[in-house]
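First residue of the sequence shown: 458, per the numbering used here; consecutive thereafter.
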Amino acid sequence: MTAPLLTATMQGDWFARARELALLLTSWPSVTGQPGETAFAGLLEAELRRWPIFAAHPENVWLGRARSGHNAWNVYALVEGQGTQTVLLAGHYDTVSTDDYGAWQPLAGETEALLEAMCQTLEAQVNSRGLEAAERLALADLQSGEFLPGRGLLDMKGGLAAGLAVLEQYSQLPPEQRPGNLLFVATPDEEGRSSGARAVAHDLPDIAARRNLNLVAGLNLDATADVGSGEDGRAAYLGTVGKVLLSALVVGCPTHAAYPFDGVSASLMTAELLRRVEANPELADRSDQGEAAAPACLELRDSRTQYDVTTPAWVWCAFNVLTVQRQPSEVLALFHSLAEEVAASAQAEFARRAAGAGSLNAPRLMVQRPSVLTFAELRALAEARMGAEAVQLRIEGTLSGPDPLRASREITVALMGLAGVDGPAIILGFGALHYPHTHLADRPADRVLQAAVARHTQNLAQETGLSLRVRGHFAGISDMSFLGQAANLPEQNCLRDQTPHPAHVDPVPADALEFPIVNIGPWGRDYHQRLERIHAPYSFQTVPELLWRVMQDVWQAG
């Protein structure tokens, strides 16, 4: 028999408990890749085991390894209810470094002491050097009593705290009053390679089978930045942008700088590529739900390791390409077409300049056609010339390390040599892990979740007098990319073939659980910066209430 739906009334104790949990989590340092991140899971596990529900059912709290050898753990906690319908609450606990805090660094995780120190410092600076605009806003925020500072409090331990408050409140109901199961997971490494969330995708099929769970919805708890009134930050998101890190190795023909037209300029081709791509709104992906940001260059470096007067043999660049609709194969096709145009126009311009300089090489340059290759085509050429074993050994001999672009660059340059590819040329590939975009589809479970979000954001807006928005896509990269997604075999094959290092390819498991997921989390300002702060009233009161109401609707529909 299905348990009765709980009445969706404002829970008066959300704020105090969510705030308490948020400050506790923030006091545990968990910088990505540092010892604190490794220790965090054990601290959270111990805290959960003190709750009465888990003291009585210790088997419902457990740890799971992250992917890719990342030395940290996922923390799972399950509150069982009636039936099999299960809602997932998910968020990450790792943070960026505290180095930017300067003199405040020892207090980066001690919110109340940090609040006092920041106010004192900023107030003192008003009459000394003055404050920059961001500092003036921060001081006003902190003096208002509505904002709290701390590394990771916004991104995203405040969201985890809201989820934990909901989990605890649900656990305190009698079993017969719990209409479904609530599964909470806290993950590491979102600020790196999402190895925690990727492990969840691989673990969930077995977890669901062993515990008889039917995952019907996911609620991600990530935070939003808003430098305004909070109108943009108070939002639920029906999906998240995806990311392709598109790499381009632009190969020229090096020559002495005094004789530029004896070679071909990789720098000129690269400049033209950057001009065509960087922040170009025409290349931004669009869908009915919204538009992604235009591509941005994240890395640019050339072949030189020391000063000399030889022009660079190649220039390497990588572009952050966000998606809301395009698949990786479509991004690659778009950039392949663009690279062909860039190579032709840059070569033509270089030839015109050679002719203007009276170079005898001008006629040759005018008919020379740069080639545009994908990484898969480059690898095929290298295998044909040197053998598949030699190519595989070269790839395996390259450590993936914390910088995926370094490994991708080294492999691409090495295979260019093995393949005997000469410039001018442009070689395109995927330089790092792919983050799929997500959005709600026209399926029954998706419609239920979308309707619940729409209804309760509207209701809460009326009750609180504050605007609450439903938006199409979360603008930042998030763990949502790996939760509830079904395998897409053609795209997985494309990613495998076009990504230089195998460590940067993690296919969705064939038995992956497919379920809709949205993002409901805190808002604040300046995350990843020393003035990071969370808006406490919304994050600790409205967010857990919205989570509570949405999950009730989902269970009722099931």
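Where is the CB? At the ideal position from N, CA and C, for every residue including glycine.
Measuring CB to CB, does residue i end up less than 9 Å from residue j?
i: Leu546; j: Leu640; result: yes
i: Pro738; j: Pro966; result: no
i: Ala812; j: Ala819; result: yes
i: Ala814; j: Glu729; result: no
i: Gly699; j: Val781; result: yes
i: Leu830; j: Ala882; result: yes
i: Ser828; j: Pro957; result: no
i: Phe832; j: Asp954; result: yes
i: Thr555; j: Arg608; result: yes
i: Ala969; j: His659; result: yes
i: Leu617; j: Leu672; result: no
i: Arg990; j: Pro606; result: yes
i: Thr727; j: Val707; result: yes
i: Ala692; j: Leu940; result: no
i: Leu952; j: Ile977; result: no
i: Gly559; j: Leu923; result: no
i: Phe718; j: Arg593; result: no
i: Glu633; j: Gln542; result: no
i: Gln949; j: Glu971; result: no
Which class does residue i belong to by DSSP, given the choice of helix, strand or coil?
i: Pro606; result: strand
i: Phe472; result: helix
i: Ile883; result: strand
i: Met467; result: Because the pLDDT at Met467 is just 46, under 50, the model does not fix this residue reliably, and the value given afterwards should be weighed accordingly. Coil at Met467, not helix or strand.
i: Trp1017; result: Any property of residue 1017 remains undetermined from this structure, which presents the chain solely from 458 to 1015.
i: Gln542; result: strand
i: Asn517; result: helix
i: Glu573; result: helix
i: Ile868; result: helix
i: Ala921; result: The residue you asked about is not Ala; residue 921 is Thr in the sequence shown. It is helical.
i: Ile991; result: strand
i: Leu703; result: strand
i: Glu647; result: coil
i: Glu971; result: coil
i: Thr1059; result: In this structure the chain extends from 458 to 1015, so residue 1059 is not present and cannot be described.
i: His958; result: coil
i: Tyr550; result: coil
i: Thr459; result: Residue confidence is low: Thr459 scores 38 on pLDDT, short of 50, so the model does not pin down where it sits. Its coordinate-derived value is still stated next. Three-state result, Thr459: coil.
i: Leu940; result: coil
i: Asn531; result: strand
i: His793; result: helix
i: Leu480; result: helix
i: Asn916; result: helix
i: Val623; result: helix
i: Val673; result: strand
i: Leu630; result: coil
i: Arg522; result: strand
i: Arg733; result: helix
Between residue i and the rest of its own chain, which residues show a CB-CB distance below 7 Å, the 5 nearest in sequence each way excluded?
i: Arg650; result: Ser525, Leu890
i: Gln876; result: The amino acid at residue 876 is misidentified as Gln; the sequence shows Ala. Around Ala876: Leu835, Leu838, Ala839, Arg842.
i: Ser484; result: Gly566, Glu567
i: Arg522; result: Trp530, Ala656
i: Leu917; result: Leu925, Thr999, Glu1002, Leu1003
Residue i bridges to which residues according to DSSP?
i: Ile977; result: Ala693
i: Glu756; result: Ala775
i: Ser828; result: Ala882
i: Glu748; result: Arg743
i: His896; result: Gly696
i: His713; result: Thr767
i: Leu639; result: Val536, Val544
i: Phe931; result: Thr697
Am I right that residue i and residue j are in contact with their C-beta atoms under 8 Å? What's the rounded C-beta distance?
i: Phe511; j: Leu505; result: 5 Å
i: Pro979; j: Leu755; result: Rounded, the Cβ-Cβ distance is 27 Å, inconsistent with contact.
i: Ser704; j: Gly888; result: 4 Å
i: Thr697; j: Ser938; result: 6 Å
i: Val684; j: Arg928; result: That pair is no contact at about 17 Å.
i: Glu648; j: Thr762; result: No, Glu648 and Thr762 are not in contact; Cβ-Cβ is about 30 Å, not under 8 Å.
i: Trp771; j: Gly709; result: 7 Å
i: Ala723; j: Lys614; result: Between Lys614 and Ala723 the Cβ distance is about 45 Å, and since that is not below 8 Å, they are no contact.
Who are the Cβ neighbours of residue i in its own chain at under 8 Å, not counting the five residues just before and after it?
i: Leu462; result: For Leu462, the predicted structure reports a pLDDT of 42, less than 50, and the residue's modelled location is therefore unreliable. A value from the coordinates is still provided. Pro636, Gln1009, Trp1012, Gln1013.
i: Glu603; result: His992, Ala993, Pro994
i: Ala753; result: Glu735, Ala736, Phe776, Asn777
i: Ala871; result: Arg851, Thr855
i: Gly858; result: Ala864
i: Ser786; result: Pro947, Glu948, Cys951
Could you name the residues of the same chain whose beta carbon sits closer than 6 Å to that of residue i, not counting the 5 residues immediately before and after it, in chain order?
i: Pro1001; result: Trp471, Ala475, Ala619, Ala622, Val623
i: Leu897; result: Leu695, Asp903, Gln907, Pro973
i: Leu757; result: Cys774
i: Ser628; result: Ile510, Val536
Using a Cβ-Cβ cut-off of 9 Å, state whether residue i counts as contacting chain B.
i: Ser828; result: The displayed structure is made up of one protein chain only, and chain B is not part of it.
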